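Chains as they are written, first to last, in the working numbering: chain U, 9 to 242; chain F, 507 to 616.
Beta carbons: idealized from backbone N, C-alpha and C, even for Gly.
Note that the structure is a prediction, hence the values are computed from the model and not measured.
Single-structure report; data block below.
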């Protein structure tokens with residue numbers, strides 16, 4: 009059979025078989041390549057497309073749902089954060105009032121020297137009231153923090169106690185408030201300082217931009233009083 | 507001999523040249539290949555029977571391919587493309603088997 013005799017018929021058959029081989033190879037290669045959509049029928053493709061669209065819709069719906077829930081969580085998180093900040097702020101304010109936290113700010117330091125031992129508790133109370141009236145926000149006398157329930161006593165002559173703690177001269181008032189209000193309030197004619205001087209006690213007022221009230225008082229929960237529901241937001 | 511050469515050449519070209527089949531013809535290629543295979547087996551049997559005629563082979567090859575493609579095309583238009591192509595493949599497969607059986611009898615005398 010070699011060399012092949014070349015006739016027209018032989019050539020035509022060869023060309024046809026060439027086409028067959030090429031088609032076979034292409035088809036085999038197409039199917040081997042892992043693309044299931046190649047050569048799929050139209051109806052199958054339509055079905056696949058439908059499924060994809062449904063899946064897309066489901067996923068879109070889920071995405072929307074998750075986004076809504078994310079937004080809700082974010083906003084509630086923001087609200088919680090805001091509420092926490094407000095609570096913190098309120099706790100600070102109330103802590104200064106109740107004497108459970110340290111306080112700092114502009115104010116005055118009032119030192120009362122009492123070499124004769126003539127100062128009585130009521131004079132200290134008058135001084136305190138004068139300071140409160142002048143807008144003092146946080147006060148400590150020696151190492152005792154002054155709060156709403158502070159009381160003065162003199163169980164033995166010459167022994168002054170504040171809230172049950174013994175204090176001795178010199179009495180140092182550390183007061184946070186506006187110095188321009190506090191200083192004149194103490195110095196007015198017939199006021200606290202004049203009264204003290206009449207008793208041979210020297211009072212010195214030193215204004216400062218940075219007064220530290222660092223005496224603390226343990227927080228106590230009231231035994232009987234409860235906040236009334238609906239009675240304001242305090 | 508040229509025929510075998512053409513077949514081998516076709517496989518090589520189809521595998522390595524990666525010709526692009528027009529998209530509209532893609533569904534018909536597998537059916538056409540099966541139909542052509544049927545024609546080739548028929549031709550082989552005729553060759554062994556000593557009655558091979560290249561004109562008959564060419565005509566049967568082309569008509570097989572065209573008719574098979576036509577049936578699939580018609581099936582697609584009628585919406586039964588998948589079933590019809592299955593039918594065509596079954597019929598051609600049976601024919602290939604019977605041709606192969608005849609060839610086997612010639613080669614192995616059994």
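Cβ closer than 9 Å: which chain F residues qualify as neighbours of residue i?
| i | result |
| --- | --- |
| residue 21 of chain U | 508, 509, 512, 549, 560, 563, 564 and 567 |
| residue 49 of chain U | 533, 582, 587, 588 and 591 |
| residue 14 of chain U | 508 |
| residue 18 of chain U | 507, 508, 509 and 560 |
Within its chain, find whatever has a CB closer than 7 Å to the CB of residue i; leave out the 5 residues flanking it on each side and keep chain order.
| i | result |
| --- | --- |
| residue 113 of chain U | 184 and 219 |
| residue 535 of chain F | 527 |
| residue 602 of chain F | 543, 544 and 547 |
| residue 54 of chain U | none |
| residue 227 of chain U | 106 and 108 |
Taking Cβ-Cβ distances shorter than 9 Å, what residues in chain U pair up with residue i?
| i | result |
| --- | --- |
| residue 606 of chain F | The contacting residues do not exist; residue 606 of chain F stays about 16 Å from chain U at best. |
| residue 546 of chain F | 24, 25 and 28 |
| residue 542 of chain F | 24, 25, 27, 28, 31 and 32 |
Among the candidates the options, whose CA atom is the shortest distance from the CA of residue i?
| i | options | result |
| --- | --- | --- |
| residue 117 of chain U | U:131, U:24 and U:149 | U:149 |
| residue 28 of chain U | F:580, F:588, F:511 and F:579 | F:511 |
| residue 215 of chain U | U:228, U:194 and U:200 | U:194 |
| residue 189 of chain U | U:213, U:208, U:209 and U:166 | U:213 |
| residue 592 of chain F | U:49, U:96 and U:152 | U:49 |
| residue 627 of chain F | F:521, F:530, F:544 and F:582 | Past the edges of chain F, shown from 507 to 616, lies residue 627 of chain F, and the structure says nothing about it. |
| residue 122 of chain U | U:85, U:211 and U:20 | U:211 |
| residue 22 of chain U | F:524, F:561, F:533 and F:596 | F:561 |
| residue 531 of chain F | F:582, F:596, F:616 and F:607 | F:582 |
| residue 567 of chain F | U:233, U:20, U:226 and U:119 | U:20 |
| residue 199 of chain U | U:152, U:228, U:132 and U:187 | U:132 |
| residue 520 of chain F | U:35, U:95, U:16 and U:17 | U:35 |
| residue 17 of chain U | F:523, F:529 and F:558 | F:558 |
| residue 585 of chain F | U:95, U:51 and U:69 | U:51 |
Tell me which residues share the same chain as residue i and place their Cβ nearer than 8 Å to its Cβ, disregarding the 5 neighbours each side in the sequence.
| i | result |
| --- | --- |
| residue 550 of chain F | 605 and 609 |
| residue 594 of chain F | 537, 540, 541, 574, 577 and 578 |
| residue 25 of chain U | none |
| residue 162 of chain U | 128, 129, 168 and 169 |
| residue 613 of chain F | 554 |
| residue 508 of chain F | none |
| residue 616 of chain F | 610 |
| residue 596 of chain F | none |
Residues of chain U with CB under 7 Å from residue i, in chain order?
| i | result |
| --- | --- |
| residue 528 of chain F | Near residue 528 of chain F there are no residues of chain U at all, since even the closest Cβ is about 12 Å away, more than 7 Å. |
| residue 538 of chain F | 31 |
Sorted by chain position, which residues of the same chain lie with C-beta nearer than 6 Å to residue i's C-beta, five sequence neighbours on each side aside?
| i | result |
| --- | --- |
| residue 14 of chain U | none |
| residue 563 of chain F | 549 |
| residue 242 of chain U | Confidence at residue 242 of chain U is low in this model, with a pLDDT of 48, below 50, so the placement of that residue should be treated as unreliable; the coordinate-derived value is given next. There are no such residues. |
Please list the partners that residue i has in chain U, where partner means a Cβ-to-Cβ separation under 8 Å.
| i | result |
| --- | --- |
| residue 515 of chain F | 26 and 29 |
Mind listing the chain F neighbours of residue i? Cutoff is C-beta to C-beta under 8 Å, in chain order.
| i | result |
| --- | --- |
| residue 37 of chain U | 520, 521 and 524 |
| residue 69 of chain U | By Cβ distance, chain F contributes nothing, its closest Cβ being about 33 Å from residue 69 of chain U, past 8 Å. |
Do we get a CB-CB distance below 8 Å when we pair residue i with the residues of chain A?
| i | result |
| --- | --- |
| residue 108 of chain U | No chain A appears in the structure shown, which is made up of the protein chains U and F. |
Contact residues within the region 76-107 of chain U, judged by C-beta distance below 8 Å to chain F: So the list is empty, because no residue satisfies the distance condition.
The region 108-128 of chain U in contact with the region 221-232 of chain U per 3-pair CB rule at 8 Å: As far as the Cβ criterion goes, the region 108-128 of chain U touches the region 221-232 of chain U, which means the pair count is three or higher.
Cβ contact check for the region 98-109 of chain U and the region 148-162 of chain U: 3 or more pairs under 8 Å: Enough Cβ pairs lie closer than 8 Å, so yes.
Cβ contact (3+ pairs, closer than 8 Å) linking the region 166-184 of chain U and the region 131-146 of chain U: Touching, yes.
Segment contact flag, the region 127-141 of chain U with the region 90-102 of chain U, C-beta cutoff 8 Å, min 3 pairs: Between the region 127-141 of chain U and the region 90-102 of chain U, the count of Cβ pairs shorter than 8 Å is below three; the stretches do not touch.
Sufficient close CB pairs (3 or more, under 8 Å) joining the region 21-38 of chain U to the region 516-531 of chain F: With a cut-off of 8 Å on Cβ pairs, the region 21-38 of chain U is in contact with the region 516-531 of chain F, counting three or more such pairs.
Validate contact between the region 549-567 of chain F and the region 58-67 of chain U using beta carbons, cut 8 Å, 3 pairs: The region 549-567 of chain F, when compared against the region 58-67 of chain U, does not touch it at the 8 Å Cβ threshold.
Cβ pair count under 8 Å reaching 3, the region 164-175 of chain U against the region 191-210 of chain U: Using a Cβ-Cβ distance cut-off of 8 Å, the region 164-175 of chain U and the region 191-210 of chain U are not in contact, since fewer than three pairs of beta carbons, one from each stretch, lie closer than that value.
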